[in-house]
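To keep things clear, I will list the structure first and then write my remarks on it.
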Amino acid sequence: MILGTRGETFYLAGARGLAKSWRDRARDNLSAIRLAAVIDGDQRPATAAEQAQLIRFTGFGASELANGVFRRPGENDFRDGWEEIGAALESAVGATDYASLARCTQYAHFTPEYIVRAVWAGVTRLGFRGGRVLEPGIGTGLFPALMPENLRGACHVTGVELDPITARIAALLRPRATIINQDFARTELPQHFDLAIGNPPFSDRTVRSDRAFRSLGLRLHDYFIVKAIDTLKPGGLAAFVTSHGTMDKADVSARERIAVTADLIGAVRLPEGSFRADAGTDVGVDILFFRKRRDGDAPGVDTWLDLAEIHPATEHEVAIRVNRYFAEHPEMVLGEHALGSGPYGETYKCVPRPTVVLEDALTATTLRLPDAIYDGDPETIALEDQKTPADAAQSAGAAIREGSYFIGKNTALMQMVDGTAVIIPVKKGRNADGVFAKHVRIIRKLIPIRDAVREILKCQETDQPWKQAQVRLRIAWSSFVRDFGPINTTVVSSMEDEESGEVRETHRRPNLAPFADDPDCWLVASIEDYDLETNTARPGPIFTERVIAPPPAPIIASGADALAVVLNERGTVDPDQIAELLHRGVYDVIGELGDAIFREPATGVWHTADAYLSGAVRSKLATAEAAAALDPAYARNVEALSRVQPADLRPSDITARLGAPWIPAADIIAFVKETMDADITIHHMPELACWTVNARQLEWSAAGTTDWGTHRRHAGLLLSDALNSSIPQIFDTIKDGDSERRVLNTVETEAAKDKLARIKSVFQSWIWSDPDRTDRLARLYNDTFNNIVPRHFNGDHLQLPGASGAFSLYGLSIGLQI
Numbered sequence: 013m014i015l016g017t018r019g020e021t022f023y024l025a026g027a028r029g030l031a032k033s034w035r036d037r038a039r040d041n042l043s044a045i046r047l048a049a050v051i052d053g054d055q056r057p058a059t060a061a062e063q064a065q066l067i068r069f070t071g072f073g074a075s076e077l078a079n080g081v082f083r084r085p086g087e088n089d090f091r092d093g094w095e096e097i098g099a100a101l102e103s104a105v106g107a108t109d110y111a112s113l114a115r116c117t118q119y120a121h122f123t124p125e126y127i128v129r130a131v132w133a134g135v136t137r138l139g140f141r142g143g144r145v146l147e148p149g150i151g152t153g154l155f156p157a158l159m160p161e162n163l164r165g166a167c168h169v170t171g172v173e174l175d176p177i178t179a180r181i182a183a184l185l186r187p188r189a190t191i192i193n194q195d196f197a198r199t200e201l202p203q204h205f206d207l208a209i210g211n212p213p214f215s216d217r218t219v220r221s222d223r224a225f226r227s228l229g230l231r232l233h234d235y236f237i238v239k240a241i242d243t244l245k246p247g248g249l250a251a252f253v254t255s256h257g258t259m260d261k262a263d264v265s266a267r268e269r270i271a272v273t274a275d276l277i278g279a280v281r282l283p284e285g286s287f288r289a290d291a292g293t294d295v296g297v298d299i300l301f302f303r304k305r306r307d308g309d310a311p312g313v314d315t316w317l318d319l320a321e322i323h324p325a326t327e328h329e330v331a332i333r334v335n336r337y338f339a340e341h342p343e344m345v346l347g348e349h350a351l352g353s354g355p356y357g358e359t360y361k362c363v364p365r366p367t368v369v370l371e372d373a374l375t376a377t378t379l380r381l382p383d384a385i386y387d388g389d390p391e392t393i394a395l396e397d398q399k400t401p402a403d404a405a406q407s408a409g410a411a412i413r414e415g416s417y418f419i420g421k422n423t424a425l426m427q428m429v430d431g432t433a434v435i436i437p438v439k440k441g442r443n444a445d446g447v448f449a450k451h452v453r454i455i456r457k458l459i460p461i462r463d464a465v466r467e468i469l470k471c472q473e474t475d476q477p478w479k480q481a482q483v484r485l486r487i488a489w490s491s492f493v494r495d496f497g498p499i500n501t502t503v504v505s506s507m508e509d510e511e512s513g514e515v516r517e518t519h520r521r522p523n524l525a526p527f528a529d530d531p532d533c534w535l536v537a538s539i540e541d542y543d544l545e546t547n548t549a550r551p552g553p554i555f556t557e558r559v560i561a562p563p564p565a566p567i568i569a570s571g572a573d574a575l576a577v578v579l580n581e582r583g584t585v586d587p588d589q590i591a592e593l594l595h596r597g598v599y600d601v602i603g604e605l606g607d608a609i610f611r612e613p614a615t616g617v618w619h620t621a622d623a624y625l626s627g628a629v630r631s632k633l634a635t636a637e638a639a640a641a642l643d644p645a646y647a648r649n650v651e652a653l654s655r656v657q658p659a660d661l662r663p664s665d666i667t668a669r670l671g672a673p674w675i676p677a678a679d680i681i682a683f684v685k686e687t688m689d690a691d692i693t694i695h696h697m698p699e700l701a702c703w704t705v706n707a708r709q710l711e712w713s714a715a716g717t718t719d720w721g722t723h724r725r726h727a728g729l730l731l732s733d734a735l736n737s738s739i740p741q742i743f744d745t746i747k748d749g750d751s752e753r754r755v756l757n758t759v760e761t762e763a764a765k766d767k768l769a770r771i772k773s774v775f776q777s778w779i780w781s782d783p784d785r786t787d788r789l790a791r792l793y794n795d796t797f798n799n800i801v802p803r804h805f806n807g808d809h810l811q812l813p814g815a816s817g818a819f820s821l822y823g824l825s826i827g828l829q830i
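According to this note's numbering, the sequence shown is numbered sequentially starting from 13.
Rendered as structure tokens:
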């Protein structure tokens with residue numbers, strides 16, 4: 013979702029004036045949330061004073077805030093002293109926004125101002141002079157708010173933010189920026205940015221939802237850097253604040269992926285505690301500067317891909333290994349390398365130097381970066397990039413479709429025909445080509461009505477402000493009615509049929525007829541409530557109300573919620589994406605979902621329970637049992653499938669017809685041997701549904717020609733008839749002069765039919781007469797045909813965004829959408 017309003021862009025001249033205590037920070041956050049809601053409800057831009065209050069929103073990522081304003085898992089009460097603020101936050105936001113704020117606490121560590129200023133100082137030293145700027149994880153927009161004054165008029169900012177409240181505040185602070193409220197992993201961006209900048213969220217979570225980078229298994233902050241660099245145009249710069257892990261982890265896959273397209277220009281290591289005052293975390297961070305190579309550029313020095321040992325291991329301490337860049341450039345490290353205790357034993361830390369003022373040292377260190385290496389020129393931003401999101405929605409709503417009328421640049425009336433804009437000529441005379449002048453005036457008046465209607469629908473669909481579009485619609489509609497009357501003006505004429513005397517009414521719509529070729533003709537007709545009796549019209553609901561429901565943001569508080577979201581978006585089960593939505597481990601999520609999802613052993617694909625526990629469940633059970641013998645994880649598949657197996661049909665419920673394809677040929681041969689005392693061979697071709705019988709012994713034996721057959725149709729042929737579902741017919745050949753003709757012998761035919769009926773009847777009794785054969789064939793039938801459990805669709809996971817709230821669908825109706 014793209015957010016934005018018209019208004020002045022906010023820039024921070026001094027400090028934000030953040031409160032000292034965490035409770036006061038929480039109150040400032042709450043005030044900013046309430047203020048943003050008021051401004052959003054008024055559909056107006058924020059004033060300068062309001063923006064100064066909004067910029068104090070810092071999220072709830074600090075542990076003191078997260079543990080205070082949100083109830084801890086399994087507890088019903090807030091922490092002591094936080095009851096009032098916690099309850100106020102719950103009442104100030106909706107359930108969706110509240111869940112998002114709680115979920116994003118692990119990422120909401122906003123960057124201190126002095127670090128942001130230092131990053132801009134470094135970018136400026138590298139030679140950046142303006143262009144398109146991308147900040148993934150923009151927060152409230154502190155980085156662009158602290159943009160140097162000489163760059164402000166030369167940059168267009170695009171920011172991506174996951175949390176809707178934070179994104180809303182960012183849009184109010186930067187109304188001319190493009191603020192996208194979306195998961196960065198699902199955001200498609202063009203590769204045209206000159207600079208990527210920011211502080212990616214720190215997390216050990218692995219990103220799997222982006223197919224382009226899924227195989228790399230990148231941690232969240234590394235993924236942000238890699239993807240952001242990919243959006244740069246050749247020669248573009250990137251500057252990111254990230255944890256020490258990006259540079260120091262033993263796994264080099266992230267660094268190697270960056271090095272495929274970009275070079276490390278410089279890096280600054282900050283000691284732990286750099287974020288403590290603003291974000292309440294002691295994480296150690298690095299500031300990394302990259303430049304994306306142009307085609308043909310040779311790769312830069314790649315020593316930064318590896319680690320180096322700066323202190324060897326001793327009897328009492330492990331070795332200290334850091335990125336080789338910092339080993340070779342100690343002047344870029346603003347602390348001391350040391351070992352400290354961690355959750356898994358001794359771990360590396362960069363501790364502060366007691367005598368060093370970090371802010372001054374950081375400013376001085378940025379001057380050690382290479383000077384003016386960026387050779388890109390500030391690009392004149394195209395007009396479409398300067399548009400607000402509301403403008404973009406309007407443009408999208410007025411897109412020219414096939415058959416649509418529109419006004420050309422030279423004010424000529426035009427229509428899109430076969431993808432080409434064609435001028436509509438005005439008819440000069442009764443027999444001339446073109447459109448009557450009055451019809452042209454009608455079409456010209458209906459075009460702004462159509463465009464306003466489409467803009468309203470587009471804005472409501474994307475949850476953008478639509479009031480101004482409704483004003484434009486009312487103005488355009490009122491102007492049309494004043495000149496031509498209601499859009500749906502209907503002229504009724506009657507005509508009597510001379511032969512039958514029947515009176516026929518004809519309804520003609522003179523105001524709509526000229527617009528009939530436009531694909532939105534009936535959309536325009538639907539906006540007014542027309543009274544045929546009085547030939548008057550009133551504005552319909554679209555003039556004043558919301559007619560399209562806003563796209564609801566999903567509330568993801570459990571594995572079931574995340575599963576429903578993934579099914580709604582993709583239609584398949586993706587545990588990696590579910591884990592990402594919950595910000596938890598994949599195995600943890602699989603454990604929580606339990607019997608709601610199952611992994612198919614043969615393919616490794618995950619399915620919902622209703623899909624896996626339906627269909628050919630007997631075959632699935634056999635596969636699951638074989639898999640469980642090798643991997644105990646599939647034991648739950650066996651248990652679940654065993655519970656849904658269809659009850660076996662009894663022999664008395666099964667019709668064992670002679671010729672049924674499931675009965676083995678060996679049993680038919682045994683039947684003939686026992687009843688007719690003859691040895692035969694039978695070949696069955698299931699693909700052709702064809703049986704072939706070789707029964708020479710029955711051609712001459714008494715059993716074949718008397719007991720079980722006739723002298724005209726022996727038992728072997730009748731057996732073939734039974735197997736192939738044929739009706740025996742016996743013909744006599746009669747000579748008629750020099751010709752012959754075949755005549756049906758009804759007596760012999762009926763005799764053959766009687767023998768065939770006897771064979772079938774005896775077979776039905778014989779087939780179930782032996783207990784062993786009965787058990788074997790009943791098992792075969794049940795496994796082959798009594799194998800299917802029908803799937804029941806309920807559509808509970810479907811959200812149907814944009815559906816009208818005027819109608820409530822039954823469960824069956826929703827299920828039909830699957």
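Virtual Cβ for every residue (Gly too), placed ideally from N, Cα, C.
None of these values were measured; they are calculated from a predicted model.
- Query: Under 8 angstroms, do alanine 137 and aspartate 383 count as touching if we go by C-beta distance?
  - Reply: Position 125 of the sequence shown, counted from the start, is the residue given in the question as residue 137. Position 371 of the sequence shown, counted from the start, is the residue given in the question as residue 383. Here residue 137 is arginine; the residue named in the question, alanine, does not match the sequence. Taking 8 angstroms as the Cβ cut-off, arginine 137 and aspartate 383 qualify as a contacting pair.
- Considering only C-alpha positions, which residue in the set Val264, Asp260 and Val272 is nearest to lysine 239? Taking the sequence shown and counting its residues from 1, the one referred to as residue 239 is at position 227. Here the closest residue by C-alpha is Val272.
- Item | Length of the line joining the Cα atoms of cysteine 471 and arginine 188 | If you number the sequence shown from 1, residue 471 lands on position 459. If you number the sequence shown from 1, residue 188 lands on position 176. Taking the straight line from one Cα to the other gives about 17 angstroms.
- Message: Let me check understanding here. Comparing Cα to Cα, which of Ile150, Cys167, Arg596 and Thr170 lies closest to isoleucine 211?
- Response: The residue given as residue 211 occupies position 199 in the sequence shown. The displayed chain sequence assigns asparagine, not isoleucine, to residue 211. Closest option to asparagine 211, judged by alpha-carbon separation, among Ile150, Cys167, Arg596 and Thr170: Ile150.
- Applying the criterion that 16 or more other CB atoms from any shown protein chain within 10 Å of the CB defines a buried residue, is leucine 24 buried or exposed? Translated into the one-based positions of the sequence shown, residue 24 becomes position 12. Burial call: buried.
- Query: Taking the beta strand (DSSP E) that proline 148 falls in, what are its first and last residues?
  - Reply: The residue you call residue 148 lines up with position 136 of the sequence shown. Where proline 148 is concerned, the enclosing beta strand (DSSP E) starts and stops at 143-148.
- Kindly indicate which three-state DSSP category glutamate 20 falls into: helix, strand or coil? Start at 1 with the first residue of the sequence shown, and residue 20 comes out as number 8. Coil.
- Query: If valine 447 sits next to valine 434, beta carbons under 8 angstroms apart, how far is it from one beta carbon to the other, in whole angstroms?
  - Reply: For the purposes of this step, residue 447 is taken as the residue at position 435 of the sequence shown. For the purposes of this step, residue 434 is taken as the residue at position 422 of the sequence shown. Contact annotation, valine 447 with valine 434: C-beta distance approximately 12 angstroms; criterion of less than 8 angstroms not satisfied.
- Does DSSP classify histidine 451 as helix, strand or coil? Here residue 451 refers to the residue found at position 439 when the sequence shown is read from its first residue. In the structure shown, histidine 451 sits in a helix (DSSP, three-state: H, G or I).
- Item | Beta-carbon proximity list for valine 452, same chain, < 6 angstroms, skipping 5 on both sides | Here residue 452 is taken as the residue at index 440 of the sequence shown, counted from 1. Correct list, in chain order: Leu425 and Val438.
- C-alpha gap between leucine 158 and valine 128, whole angstroms: In the sequence shown, residue 158 corresponds to position 146, counting from 1. In the sequence shown, residue 128 corresponds to position 116, counting from 1. Going from the Cα of leucine 158 to the Cα of valine 128 covers about 7 angstroms.
- Query: Roughly how many angstroms separate the alpha carbons of alanine 78 and arginine 164, rounded to a whole number?
  - Reply: Your numbering for residue 78 matches position 66 in the sequence shown. Your numbering for residue 164 matches position 152 in the sequence shown. If you take the alpha carbons of alanine 78 and arginine 164, they lie about 34 angstroms apart.
- Give the straight-line distance between the Cα atoms of glutamine 776 and glutamate 699, rounded to the nearest whole angstrom. For this step, residue 776 is matched to residue 764 along the sequence shown. For this step, residue 699 is matched to residue 687 along the sequence shown. In a straight line, the C-alpha of glutamine 776 is about 25 angstroms away from that of glutamate 699.
- Message: Between which residues of its own chain and phenylalanine 69 is the CB-CB distance below 6 angstroms, once the five residues before and five after are set aside?
- Response: Within the sequence shown, numbered from 1, the residue matching residue 69 stands at position 57. Take phenylalanine 69, set aside five residues on each side of it, and the residues of its chain with a beta-carbon closer than 6 angstroms to its own are Asn41, Ala44, Thr152 and Ile181, in chain order.
- Identify whether proline 498 lies in helix, strand or coil by the three-state DSSP scheme. Locating residue 498 in the sequence shown gives position 486, counting from the first residue. Assigned with DSSP and collapsed to three states, proline 498 falls in coil, not helix or strand.
- Query: Expressed to the nearest angstrom, what Euclidean distance is found between the alpha-carbon atoms of alanine 574 and glutamate 321?
  - Reply: Taking the sequence shown and counting its residues from 1, the one referred to as residue 574 is at position 562. Taking the sequence shown and counting its residues from 1, the one referred to as residue 321 is at position 309. Each residue's alpha carbon lies about 43 angstroms from the other.
- Item | Selected residue, minimal CA-CA separation from threonine 359, among Arg28, Ala331 and Ala678 | Sequence index remark: in the sequence shown, residue 359 carries index 347 (1-based). Cα-wise, what sits closest to threonine 359 is Ala331.
- State the start and end residues of the unbroken alpha helix (DSSP H) segment that holds tryptophan 132. The residue given as residue 132 occupies position 120 in the sequence shown. Element bounds for tryptophan 132: 125-137.
- Same chain, Cβ closer than 6 angstroms to leucine 735, neighbours up to 5 away in sequence not counted: Working through the sequence shown from its first residue, we reach residue 735 at position 723. Within the same chain, leucine 735 has close Cβ partners Gly671 and Trp703.
- Item | tyrosine 542 - partner residues in DSSP beta bridges | Residue mapping note: residue 542 aligns to position 530 of the sequence shown, counting from 1. Assignment of beta-bridge partners to tyrosine 542 by DSSP yields Ala549.
- Taking glycine 248 as the reference, which of Thr375, Val429, Ile177 and Val135 has the closest Cα? Start at 1 with the first residue of the sequence shown, and residue 248 comes out as number 236. The shortest C-alpha separation from glycine 248 is found at Val135.
- Using the DSSP secondary-structure output, state which residues sit across from aspartate 275 in a beta bridge. One-based indexing of the sequence shown puts residue 275 at position 263. Per DSSP, the beta bridge partners of aspartate 275 are Arg303.
- Count the C-beta pairs between the stretch 609-623 and the stretch 572-587 that are closer than 8 angstroms, then say yes if the count reaches three, no if not. Enough Cβ pairs lie closer than 8 angstroms, so yes.
- Item | First and last residue of the uninterrupted beta strand (DSSP E) at methionine 159 | The residue you call residue 159 lines up with position 147 of the sequence shown. In the DSSP assignment, methionine 159 falls outside any beta strand (DSSP E), carrying neither H nor E.
- Query: CA-CA distance, cysteine 116 and proline 366?
  - Reply: One-based indexing of the sequence shown puts residue 116 at position 104. One-based indexing of the sequence shown puts residue 366 at position 354. Cα-Cα distance, rounded: 34 angstroms.
- Task: Could you tell me which uninterrupted beta strand (DSSP E) segments, each at least 3 residues in length, are contained entirely in the stretch 213-298, listed from first to last along the chain?
- Result: Counting only runs of 3 or more, we get 244-255 and 274-281.
- Task: Please report the residue range of the beta strand (DSSP E) in which glutamate 514 lies.
- Result: Taking the first residue of the sequence shown as position 1, residue 514 is located at position 502. Segment: none, glutamate 514 is in no beta strand (DSSP E) and carries neither H nor E.
- Query: How big is the Cα-Cα spacing for glycine 627 and arginine 37?
  - Reply: On the sequence shown, position 615 is the one that residue 627 refers to. On the sequence shown, position 25 is the one that residue 37 refers to. When rounded, the distance between both Cα atoms is 56 angstroms.
- Three-state class that DSSP yields for asparagine 41 in the structure shown: The residue labelled residue 41 in the question sits at position 29 within the sequence shown. In the structure shown, asparagine 41 sits in a helix (DSSP, three-state: H, G or I).
- Message: So for tyrosine 386, helix, strand or coil by DSSP?
- Response: Position 374 of the sequence shown holds residue 386. DSSP, read as helix, strand or coil, puts tyrosine 386 in coil.
- Under 7 angstroms Cβ to Cβ from threonine 21, same chain only, skipping five residues before and after it: list those, please. On the sequence shown, position 9 is the one that residue 21 refers to. Short of 7 angstroms from the beta carbon of threonine 21, and not among the five residues preceding or following it, lie these beta carbons of its own chain, in chain order: Arg186, Pro187 and Arg188.
- Message: What would DSSP say about leucine 30, mapped onto helix, strand or coil?
- Response: As a working note, residue 30 is residue 18 in the sequence shown. Here leucine 30 sits in coil by DSSP.
- Name the DSSP beta bridge partners of histidine 349, please? As a first step, residue 349 must be located in the sequence shown, where it is residue number 337. Answer is Cys362.
- Do you know whose CA, among Leu524, Ala325, Phe205 and Thr258, lies nearest glycine 388's CA? Taking the first residue of the sequence shown as 1, we reach residue 388 at position 376. For glycine 388, the nearest C-alpha among the options comes from Phe205.
- Count the other CB atoms, across all protein chains shown, that sit within 10 Å of the CB of aspartate 463; report buried if there are 16 or more and exposed otherwise. Working through the sequence shown from its first residue, we reach residue 463 at position 451. It counts as buried.
- Task: May I ask which residues mark the beginning and end of the alpha helix (DSSP H) holding isoleucine 771?
- Result: Translated into the one-based positions of the sequence shown, residue 771 becomes position 759. Element bounds for isoleucine 771: 758-779.
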